[in-house]
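Undergrad: Residue numbers (the working numbering): 43 to 761. Take this structure, written in structure tokens, and hold onto it; I'll ask about it next.
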């Protein structure tokens, strides 16, 4: 049954497709039969009757809603969700629902020109037989990016920006009068002034900053920051406000504080550090030790709501690229006024512990203090002293080290997960070029500082969190504790643990997927210990890390799984992290008897800080990738021993054993067979010869290409 339209006989599928497209184009409108027939040129009785039958079926499917006897509209009630749009260059776009459900396919024609990362509202389409589930974008709620970074191309009549990253799949048109002097080949930051629409698919923008010539170190680092919407300049008005801050410490201020100026105090940091935001003091206290964890009192100088505070809140964190730090606070504050520099009187907020030789807490209190650091140590110096070399205050450092080891031991006994992650570092010359690439490992010196910072963070979080809990228990009625900023870390996802179990079973490892928190973390620690020195060590560590959730900030405490703490916060780095400044202010307020703050407002701030932390980490990773490719650029054609560090459907990532640089062996370079991607077991398997490439396998590679513009290293395997 059907009728010709445009020379073609319409069948049921043709009619259904036409109706689907029409209702999707008018998601909020009620369409009468008359409007439908007219819009689709259904002008014969048989095709109209067929259309009415199809619409009845669509209503039965809950895809359409019937309005009266002769009208329908798209059913948005049960079919609407909000989430994130994920754009793919190959057109296989998807929608990721906010509730964490599975991604749903969105065809390009149904994308409403949404860009990667945009928050969107979608309607689910009626599931046709033998078709995958599909969604149609009905609203773009929030644009993820309103600026782009890339390379300018200036033609006679127009200009465009070839954008970097995967946010913008098309070039951005720029009117020539909006170029701000930019020339072909230069990197620029462009603000979007017109988004794609049904009338015009073009993205139009204007240049807001010309960064400079492609390939120059400064230009590339600024481009990475701009690509993530991170600032690469400090606003002059904020710098000026910092210059006006009075750094003098008055006698009245000292009188209000506990005085630690005559107690041995030191800072221990990387040798190139400039912002010292934590110090340790130690002195004998009867038969015990008094250990002070002293933190720069940033909130004394940066008042809430001030111009400096608003800038710090927006940045939320300092960003550490390979060759530079983009500070959260103006330089005068982070490197001078607040920094706990040696032989200078400084204001601190401190946690003072009374500890026995085994680092058991006998007493503690929180205090605003004044200190004067006796010594600024680099980690390497302290490590030498801990290994037996003579040095300043060696006895004090060794006592602190002994206590730190006790704290660490207890932490792992209580179920903390043991991730001693190595960090990739570069030695950089004066021009920003990398001269050496190496991993920095955790040492006793770094662990000494880490353990006392963990102790301080946990103690102040317990101070607030447990007080709220105790009130509830005393009264027998629910009593809301005071609003506070916690650093939380959820238990591993059971599905991810199941994937880990499946992947490691062939190697003989047993993974616990259920049980108490302590039992699972103990099992994960045993797993990593068993794998030490084995061929698959890297595989075990990588997959175990992937099974873990990400730590974040929240006012709703669920504890910190990785550290095995019921209460944990960030108190110890207010120079470089905004949540620590928030914690200082809340503690001061509550110590002074202040009422609880608005939880919703602080939860919003927590979400913002968590997002900015993730963004900063992405930028840091991109700067590492860039330096990695730059470091390998003169080694094209050279061979290295490596191991497989990642497996994807498009190829295998290999990490060079000698310098830890990572590159891709593309599928097209795996000759002699057709490979299938076994996602569950993290390997590629040849269909004919059954050659297997698995995460952790040792391989020999040759450097094929080093593309600095794309931050991409290409390897080929050597037989």
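No residue lacks a Cβ here, since even glycine has one placed at the ideal position from N, Cα and C.
Return the CA-CA distance between residue 383 and residue 470, expressed in angstroms with no decimal places.
TA: In a straight line, the C-alpha of residue 383 is about 25 Å away from that of residue 470.
Undergrad: Count the C-beta pairs between the region 577-590 and the region 534-551 that are closer than 8 Å, then say yes if the count reaches three, no if not.
TA: yes
Undergrad: Thinking just about the alpha-carbon of each residue, which of 679, 252, 114 and 235 is nearest to the one in residue 764?
TA: The shown model of the chain, from 43 to 761, leaves out residue 764, and the question about it has no answer.
Undergrad: Considering only C-alpha positions, which residue in the set 567, 235, 737 and 457 is nearest to residue 558?
TA: 457
Undergrad: Please determine, among 436, 607, 552 and 753, the residue with the shortest C-alpha to C-alpha distance to residue 206.
TA: 753
Undergrad: Just to confirm my understanding: we take residue 727, look at its own chain, exclude 5 residues before and 5 after, and list those with CB closer than 7 Å. What are they?
TA: Closer than 7 Å at the Cβ level, and outside the excluded window around residue 727, lie 717, 718, 720 and 734.
Undergrad: Closer than 6 Å by C-beta to residue 788: which residues in its own chain qualify, once you throw out the five before and the five after it? Chain order, please.
TA: The first residue shown for the chain is 43 and the last is 761, placing residue 788 beyond what the model contains.
Undergrad: Do you know offhand how far residue 422's Cα is from residue 482's?
TA: 12 Å
Undergrad: What are the boundary residues of the alpha helix (DSSP H) that residue 88 is part of?
TA: 87-102
Undergrad: Along the chain, where does the beta strand (DSSP E) containing residue 392 start, and where does it finish?
TA: Note, residue 392: beta strand (DSSP E), 387-397.
Undergrad: Going along the chain, which unbroken runs of the beta strand (DSSP E) with 3 or more residues stay wholly within the region 503-591?
TA: 528-530
Undergrad: Name the DSSP beta bridge partners of residue 417, please?
TA: 308
Undergrad: So, is residue 334 buried or exposed, given that buried needs 16 or more other C-beta atoms within 10 angstroms?
TA: buried
Undergrad: Could you pull the DSSP bridge partners for residue 477 from this structure?
TA: Residue 477 is not bridged to any residue.
Undergrad: Could you tell me the alpha carbon to alpha carbon distance between residue 74 and residue 152, rounded to whole angstroms?
TA: 23 Å
Undergrad: Answer with buried or exposed for residue 243, where buried requires no fewer than 16 other C-beta atoms within 10 angstroms of its C-beta.
TA: That one is exposed.
Undergrad: Would you mind sorting residue 633 into buried or exposed? The rule is 16 or more other CB atoms within 10 Å of its CB.
TA: Exposed, by the Cβ-count rule.
Undergrad: Give a yes or no on whether the C-beta atoms belonging to residue 444 and residue 413 are separated by under 8 Å.
TA: In this structure, residue 444 sits away from residue 413, with a CB-CB distance that is not shorter than 8 Å.
Undergrad: Apply the 10 Å Cβ neighbour rule to residue 640 and answer buried if 16 or more other Cβ atoms are within range, or exposed otherwise.
TA: Around the beta-carbon of residue 640, fewer than 16 other beta-carbon atoms lie within 10 Å, marking it exposed.
Undergrad: From residue 123 to residue 161, what does the alpha carbon distance come to, in whole angstroms?
TA: 11 Å
Undergrad: When the Cα atoms are used, what is the spatial distance from residue 146 to residue 175?
TA: 6 Å
Undergrad: Measure from the alpha carbon of residue 562 to the alpha carbon of each residue in 686, 493, 265 and 603, then state which is nearest.
TA: 603
Undergrad: Can you check the region 635-694 for any beta strand (DSSP E) of at least 3 residues that lies completely inside it and give the ranges in chain order?
TA: 681-690
Undergrad: If you pair each beta-carbon of the region 674-693 with each one of the region 738-746, do three or more pairs fall below 8 Å?
TA: At 8 Å Cβ cutoff, the stretches touch.
Undergrad: Is the beta carbon of residue 318 closer than 8 Å to that of residue 381?
TA: yes
Undergrad: Going by the beta-carbon positions, is the gap between residue 256 and residue 246 smaller than 8 Å?
TA: no
Undergrad: Determine whether the beta carbon atoms of residue 424 and residue 408 lie at a separation below 8 Å.
TA: no
Undergrad: Can you say whether residue 250 is buried or exposed, counting buried as having 16 or more other CB atoms within 10 angstroms of its CB?
TA: exposed
Undergrad: Do residue 157 and residue 186 have their C-beta atoms within less than 8 Å of each other?
TA: yes
Undergrad: Where do the ends of the beta strand (DSSP E) carrying residue 161 lie?
TA: 161-166
Undergrad: Give the secondary structure of residue 43 by DSSP, where H, G and I count as helix, E and B as strand, and everything else as coil.
TA: The predicted position of residue 43 is uncertain, since its pLDDT is 45 and thus under 50; no value can be drawn from it.
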